[in-house]
Amino acid sequence: MSGELILVLVLLAITIVLFAIGRPRMDVVAVLVIVALPLTGVLTVPETLAGFADPNVILIAALFVVGEGLSRTGVTYRLGDWLSARAGSSTPGLIVLLMLSVAALGAVMSSTGVVAIFIPVVLSIAARTGLSPRQLMMPLSMAGLMSGMLTLIATAPNLVVDAELRRMGFDGFGFFSVTPFGLVILALGIGYILLARRFLGDDRGASGSDRRTFGSLIADYEVDSRTGRYRVGAASPLIGRTLAAADLAPSLSSVLGLERTRFLRGTTLSTAGETVVQRGDTLVLDIVPSPAERRRLDLERLDVVGDFFESYARQVGMAEVIVTPDSRAMGRSIRELRFRTEYEVTVLGVRHAGHAAGADFSDRRLHPGDTLLVAGGWNQIHRFREEARDFAPMDLPSEGDEVAPAADRAPFALLSVAVMIVLMVTGFVPNVIAALIAALMMGLFRVIDMPSAYRSIHWPTLLLIAGMLPFAQALEVTGGIDLAADALLSAFGGAGPAVILGAFFVTTAVIGLFVSNTATAVLMAPIAITAADHLGASPYPFAMVVMLAASSAFMTPVSSPVNTLVVEPGRYRFGDFVRLGVPFTVLVLIVSVLMVPLLLPL
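Each residue of the sequence shown is one higher than the last, beginning at 1 in my numbering.
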């Protein structure tokens with residue numbers, strides 16, 4: 001063993017210890033690695049910094065942008081709504097649906113990309129259901145890793161092993177050759193996480209917030225006690241008038257909004273003053289018109305569900321503002337101030353001296369310290385808070401965290417993702433180029449702007465990955481990988497094929513703890529195929545074991561970018577992955593050693 005290899009192994013051991021104790025931060029440890037490796041003399045500075053040019057790093061950065069585009073258009077939240085609706089109040093049901101959805105999508109595109117896309121979905125579900133992100137992020141990462149076992153193109157290590165088979169003169173694997181093993185492991189993984197998730201803990205109280213919600217605001221201003229929904233009939237004189245004009249009618253104290261159902265776009269709620277009333281629209285009013293008025297205006301009264309405003313939280317926002325002592329609004333009424341015309345927002349209610357003003361709030365004079373509840377498009381809400389000098393803004397309700405500022409761009413976001421998936425599935429361009437094309441399309445269609453794109457990238461994650469990649473080259477250059485492989489063959493060369501399959505699985509999984517699973521596959525595939533040839537056995541079971549082991553990167557947060565992505569949002573520590581990942585990896589080992597010889601005879 002050379003002195004350089006000893007230095008690399010010592011540095012690797014120190015790095016693992018720092019990761020385990022959680023101090024300093026993982027990205028800081030990665031910087032220390034970048035500084036230390038050139039000092040050993042094993043790698044040059046350009047070789048150490050080559051991780052920043054690795055396609056996987058660029059791929060992950062592009063996928064952060066793509067994920068942000070889906071979030072800004074509300075696609076991710078709609079997916080979260082679907083998962084929540086299907087699962088109901090069942091946490092196990094939610095976990096099962098989440099893992100199945102991630103695995104299905106990850107079977108045809110990068111598992112790293114799938115996890116990056118699903119992170120905002122999971123955070124949204126956790127916020128709305130009251131679940132801790134710790135309970136959902138680990139199932140997300142495990143499903144992402146297991147998706148790599150479902151098809152040949154699901155993950156890079158599969159393609160590496162297949163290419164090595166072909167290079168050595170054998171036929172490659174078929175598209176679904178790995179699928180039977182992956183399906184069994186996926187089913188096993190879902191059952192395992194349902195049993196083991198209690199070991200993840202629960203930190204719901206760690207970051208609690210007393211921020212207002214739509215529901216609490218509606219109750220405080222007594223909006224729900226007077227709000228009504230009315231469908232516009234064919235003979236209504238309101239047809240053809242704008243909301244701003246309808247708002248001036250004495251009989252209609254205030255038109256809070258207009259619901260409209262469109263083909264393929266669902267039902268939307270608009271508060272814009274220039275919106276023109278059409279037949280079949282539903283007006284949301286803050287009073288109950290008399291029967292005579294309803295007949296005159298040809299309005300049909302409809303039911304109002306309890307969470308009416310909450311259901312439109314991503315289309316229409318709310319905010320509280322305070323009348324300042326020097327406000328020009330003092331002594332004037334809401335009706336006189338013409339909020340919809342002047343500010344493009346609607347006043348839903350007023351509170352004076354700690355009490356809701358009642359149904360006639362539009363005609364009451366405002367006083368300093370009065371608070372107003374306003375509603376409108378989120379862009380108008382933000383503009384009003386910034387520009388209305390006569391009113392001091394209060395904190396936005398928590399629903400503002402799930403705003404989809406580019407909701408009308410959702411079809412273009414989905415088109416961008418579809419193009420990326422097709423390019424990845426067909427292999428027409430490398431995955432990193434496909435992701436960059438999707439990110440550029442997001443910008444071209446104005447789904448996302450440059451400031452939002454830069455903010456969406458989680459730089460500590462990229463720094464961690466780029467800092468750890470040079471370890472693979474350092475171990476290879478110093479002969480560390482060859483030394484381990486030689487020791488493996490010497491120790492198990494005389495044993496039966498099943499024992500050697502297990503030994504190759506363990507070796508691949510252990511090496512994958514420290515280097516990327518793609519690099520592990522590059523190193524282990526030729527050794528496994530050569531070992532099969534020396535034993536006079538088929539190369540396919542050995543190659544398949546390497547493929548399955550390379551995707552079994554469950555044991556540490558740096559075993560795979562998939563794990564690294566969920567560390568921060570899940571607030572995990574190094575030990576969380578060890579505690580859940582090691583037992584499950586042993587289960588995958590057992591399944592692999594038992595199933596592979598049955599379906600791929602030795």
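C-beta: ideal position from N, C-alpha, C; glycine also.
| query | result |
| --- | --- |
| Specify the secondary structure class of M394 as computed by DSSP and reduced to three states. | coil |
| Which residues bound the beta strand (DSSP E) around I322? | V316 to V323 |
| With DSSP as the reference, identify every bridge partner of S270, one or two as the case may be. | L258 |
| Please classify L252: is it buried, with 16 or more other beta-carbons within 10 angstroms of its beta-carbon, or exposed? | Note that L252 has pLDDT 46, beneath the 50 cutoff, so the model's placement of it is unreliable and the number below is only indicative. By the 10 Å Cβ count, L252 comes out buried. |
| Am I right that T48 and P470 are in contact with their C-beta atoms under 8 Å? What's the rounded C-beta distance? | 5 Å |
| Near V588, which residues of its chain fall below 6 Å by C-beta distance, leaving aside the five closest residues on each side in sequence? | I185 and S552 |
| Could you give the residue range of the beta strand (DSSP E) that holds E300? | L299 to L302 |
| Could you check the C-alpha separation between T155 and M138 for me, to the nearest Å? | 19 Å |
| Should S132 be labelled buried (16 or more other beta-carbon atoms within 10 Å of its own) or exposed? | buried |
| Return the chain-ordered list of same chain residues with a C-beta closer than 7 Å to the C-beta of R409, the five sequence neighbours on each side being excluded. | T73, F445, R446 and V447 |
| Ignore the nearest five residues each way along the sequence and tell me which others in P611's own chain have a CB closer than 8 Å to its CB. | The question about residue 611 has no answer, for the chain in this structure spans 1 to 602. |
| In three-state DSSP terms, what is Y454? | helix |
| Measure the Cβ-Cβ separation of P557 and L501 and say whether it is below 8 Å. | no |
| Is it true that the stretch 368-376 meets the stretch 312-325, where meeting means three or more beta-carbon pairs spaced less than 8 Å apart? | yes |
| Pairs of beta-carbons, one from the stretch 290-307 and one from the stretch 357-374, closer than 8 Å: are there three or more? | no |
| Output the distance between the C-alpha atoms of R455 and F428, rounded to the nearest integer angstrom. | 30 Å |
| Roughly how many angstroms separate the alpha carbons of L248 and L238, rounded to a whole number? | Here the model assigns L248 a pLDDT of 43, short of 50, so the residue's position is not dependable and the matter cannot be decided. |
| Which residues in the same chain have their Cβ closer than 6 Å to the Cβ of L7, if we skip the five residues on either side of it in sequence? | T40 |
| Determine the DSSP secondary structure at G377, reduced to helix, strand or coil. | strand |
| For the alpha helix (DSSP H) containing G581, list its first residue and its last residue. | F574 to L599 |
| Under DSSP, the beta strand (DSSP E) around Y230 begins and ends at which residues? | G228 to V232 |
| DSSP on T564, reduced to helix/strand/coil? | helix |
| Which class does R72 belong to by DSSP, given the choice of helix, strand or coil? | helix |
| Is there at least one Cβ from chain B nearer than 8 Å to T520's Cβ? | Among the chains of the structure shown, chain B does not appear; only one protein chain is present. |
| Which first and last residues belong to the beta strand (DSSP E) in which T346 is found? | T346 to H352 |
| Quick one: what does DSSP say V447 is sitting in, helix, strand or coil? | coil |
| Measure how close the beta-carbons of N158 and I465 come, nearest whole angstrom, since I'm counting them as under 8 Å. | Actually they do not touch by this definition, with Cβ atoms about 20 Å apart. |
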